[in-house]
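A.B. asks: Just so you know, the sequence shown maps onto residues 28 to 503 in our numbering. Glycine included, every Cβ here is placed at the ideal spot set by N, Cα and C. Fair warning: this is a prediction, and the values are worked out from it, not measured in the lab. Got a structure here, written out as structure tokens. Questions coming.
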Amino acid sequence: MKVLFAASEADPFIKTGGLGDVAYALPKYLNELDVDARVVIPKYKTISEEYLKDLEFVKSLNIWVGWRNQYCGIFKCQVGKVTYYLVDNEYYFARDGLYGYYDDGERFAFFDRAVMEMLKEINWKPDVIHCNDWQTGMIPVLHKLQYKSDPFYSDMKSAYSIHNLAFQGIYDSNILGELFGWDEEQFRNGGLEFHGGVSFMKGGINYSDKVVTVSPTYAEEIKTPFYGERMDGLLRSQEHKLMGILNGIDYDAYNPETDKLIFKNYSISSMKDKKINKSRLQKELKLPVKAKVPMLGLVSRLTPQKGIDILISILGRILQEDVQFVVLGTGDQDYEEHFKNLQRKYPDKVSANIKFDNQAAHKIYAASDIFLMPSLFEPCGLGQLIALRYGAVPVVRETGGLKDTIIPYNQYTKEGNGFSFENYSAHELETVINMALNHYKDKKTWEGIMRSAMSSDNSWERSAEIYKKLYKELIQ
Ligand code: ADP
């Protein structure tokens, strides 16, 4: 089976968020399952030299973007078993950032058509083209409206993954002519029209053969107005082809037994060594070195999505207890300032690290006793999965992937790998944090919860099997 994974970013070349992680890990694990899964991304200027130097030039072609005839270079390279294709055009992609330019619509209209044209040029015929987020949303549209009549493309199927429903690639309706050379029929018949504009994401949802999002609960939630970002009606109308598949985490990169970024390696059978990570981090962050004081960790973008409002409103009270709070994150300035002020006010209890720092993140996962993730919404969430693996017991809100991966601790059956609350309420968050802190005092109970956290299975192997089955069903 052959699958082309089309995305606007993929680790290890370039990554700004969860999509980059998935576009790296899923093809890697699919190849382990004997699926020839290849990846195509734009060749950005900011890809590190380490990877650029191994690229092999395959060929060049011309791509029509509306009336424009643009150069397109195809490069190729191999990372492990995975073949990557990189689509080159310096005018579109040799910029400092990835997204947020006035002509993003044109840039990705170019990329989407280049992906379709490239396949015939290199004579590689995937069974399924798996597209991701709005940037590749027009690929299924191009396929159905233009390319399917060509025998080379006619048997191909398309899948479309939603990683972030909030970004919908909405442009003026005149782009249909300007960037695709089409008349306004697709606008008038509602296939692409979205609140008076044209949405690439709507195209992906409407024209693909299967729509996937990154957790089963989120797949249900986005059909409601609260989570649906104005696309809930569309998603309800397409629910026959919508499903949720949980992301995993890369068990090689996140393994407390071998992780080179943490102070002391440990595993489920040497959990006491986790304490060394805590004392060393306390020392590094200039917090009092105390083994028994519970450390609450937060590694997150500091945005309203992540539930920072409700956390902030109760932290003052939580900090009256004998606890330490370590935050690592960047985002809204108000939140950043609030955490810095808290550190000034409680220097013995709070460490505010306002930066993006991968090693610091690993150290915090390894050192924390409790990991906070009270999100307003969370399509899948990786933070809680990493925390589980490192025995930092998650406290989460029951939404999206958090609901699907965290089983609340039940003191009677002793089952559960974390703590959770239902409503987006500061009061409920405070109650579960206090519940977790109470259980922490009982060493035996806490070790049981840590053990069940650390033995939770969130590897990519399991999810890759589900994707393989989905592809098989599509091409049957
Ligand atoms: P999202 O993709 O919505 O930001 P996820 O939980 O899915 O949230 O993934 C966030 C990832 O980014 C996790 O791997 C987390 O550890 C990492 N991360 C978030 N903030 C930082 C930071 N300031 N420094 C380092 N890593 C971070």
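May I ask you to check if the CB of Cys407 is nearer than 7 angstroms to at least one heavy atom of the ligand ADP?
C.D. replies: yes
A.B. asks: In this structure, how does DSSP classify Tyr278 when only helix, strand and coil are distinguished?
C.D. replies: coil
A.B. asks: With a threshold of 16 other CB atoms inside 10 Å of the CB of Gln411, please say whether the residue is buried or exposed.
C.D. replies: buried
A.B. asks: If you pair each beta-carbon of the region 265 to 280 with each one of the region 237 to 247, do three or more pairs fall below 8 angstroms?
C.D. replies: A contact exists between the region 265 to 280 and the region 237 to 247.
A.B. asks: Nearest to Ser545 by alpha carbon, out of Ile68, Lys80, Phe102 and Arg95?
C.D. replies: With the chain represented from 28 up to 503, any question about residue 545 goes unanswered, as that position is not in the structure.
A.B. asks: Is it the case that the CB of Ser188 approaches a heavy atom of the ligand ADP more closely than 7 angstroms?
C.D. replies: no
A.B. asks: Alpha carbon to alpha carbon, how far is Phe448 from Asn89?
C.D. replies: Pairing Phe448 with Asn89, the inter-Cα distance amounts to about 54 angstroms.
A.B. asks: May I ask whether a heavy atom of the ligand ADP can be found less than 7 angstroms away from the beta carbon of Phe383?
C.D. replies: yes
A.B. asks: Grouping DSSP H, G and I as helix and E and B as strand, with all else coil, what is Gly218?
C.D. replies: coil
A.B. asks: Starting from Leu269 and walking both ways along the beta strand (DSSP E), at which residues does that stretch end?
C.D. replies: Leu269 to Gly271
A.B. asks: Pick out the complete alpha helix (DSSP H) segments inside the region 60 to 84, 4 residues or longer, and give them in chain order.
C.D. replies: 76 to 79
A.B. asks: Within 10 Å of its beta-carbon, does Ile289 have 16 or more other beta-carbons around it, so buried, or fewer, so exposed?
C.D. replies: When all chains shown are included, Ile289 counts as buried.
A.B. asks: Three-state secondary structure (DSSP) at Val168?
C.D. replies: helix
A.B. asks: With a threshold of 16 other CB atoms inside 10 Å of the CB of Thr251, please say whether the residue is buried or exposed.
C.D. replies: exposed
A.B. asks: Alpha carbon to alpha carbon, what distance is there between Leu172 and Val106?
C.D. replies: 33 angstroms
A.B. asks: Could you check whether Ala136 and Leu219 sit closer than 8 angstroms to each other, using their CB atoms as the reference points?
C.D. replies: no
A.B. asks: Which value, in whole angstroms, describes the spacing of the CA atoms of Asp300 and Gln503?
C.D. replies: Whole-angstrom Cα-Cα distance: 50 angstroms.
A.B. asks: According to the neighbour-count rule (16 or more other Cβ atoms, all chains shown, within 10 Å of its Cβ), is Ala246 buried or exposed?
C.D. replies: When all chains shown are included, Ala246 counts as buried.
A.B. asks: Please list the terminal residues of the continuous beta strand (DSSP E) segment that includes Tyr112.
C.D. replies: Val109 to Asp115
A.B. asks: Three or more C-beta pairs under 8 angstroms: does that hold for the region 197 to 214 against the region 376 to 387?
C.D. replies: no
A.B. asks: Taking all protein chains shown into account, do 16 or more other C-beta atoms lie within 10 angstroms of the C-beta of Glu83, making it buried, or fewer, making it exposed?
C.D. replies: With fewer than 16 other Cβ atoms inside 10 Å of its own Cβ, Glu83 counts as exposed.
A.B. asks: Between Ala52 and Thr285, what straight-line distance do the alpha-carbon atoms span, to the nearest angstrom?
C.D. replies: 19 angstroms
A.B. asks: Please go through the same chain and pick out, in chain order, the residues whose beta-carbon is closer than 8 angstroms to the beta-carbon of Lys147, but skip the five residues on each side of it.
C.D. replies: Around Lys147: Asp177, Phe179 and Tyr180.
A.B. asks: Using a 10 Å radius around the Cβ and a threshold of 16 neighbouring Cβ atoms, would you call Phe167 buried or exposed?
C.D. replies: Here residue 167 turns out to be Pro, not Phe, going by the sequence shown. Buried: at least 16 other Cβ atoms inside 10 Å.
A.B. asks: According to DSSP, which residues form a beta bridge with Leu31?
C.D. replies: Paired residue(s): Arg65 and Ile156.
A.B. asks: Please say whether Ala50 and Thr163 have beta carbons closer to each other than 8 angstroms?
C.D. replies: No, the Cβ-Cβ distance between Thr163 and Ala50 is not below 8 angstroms.
A.B. asks: Quick check: the Cα distance between Asp279 and Glu488, rounded to an integer number of angstroms?
C.D. replies: 12 angstroms
A.B. asks: Opposite Arg95 in the DSSP bridges: which residues?
C.D. replies: For Arg95, which the question treats as bridged, DSSP gives the partners Val92.
A.B. asks: What are the boundary residues of the beta strand (DSSP E) that Leu399 is part of?
C.D. replies: Ile397 to Met400
A.B. asks: Using CA atoms only, rank isn't needed, just tell me which of Ala393, Asp396 and Gly428 is closest to Cys407.
C.D. replies: By alpha-carbon distance to Cys407, the top candidate from Ala393, Asp396 and Gly428 is Gly428.
A.B. asks: CA-CA distance, Ile295 and Arg478?
C.D. replies: 6 angstroms
A.B. asks: Given a threshold of 16 other Cβ atoms within 10 Å of its Cβ, counted over all protein chains shown, does Asn159 qualify as buried or as exposed?
C.D. replies: The residue is buried, with at least 16 neighbouring Cβ atoms inside 10 Å.
A.B. asks: Nearest to Leu464 by CA position, among Tyr451, Tyr436 and Ser482, is which residue?
C.D. replies: Tyr436
A.B. asks: Going by DSSP, what residues sit across from Val354 in a beta bridge?
C.D. replies: Leu325 and Ala379
A.B. asks: Tell me the DSSP secondary structure of Ile249 in three-state form.
C.D. replies: coil
A.B. asks: Using CA coordinates, which residue listed in Ile391, Asn444 and Arg371 is at the minimum distance from Trp473?
C.D. replies: Asn444
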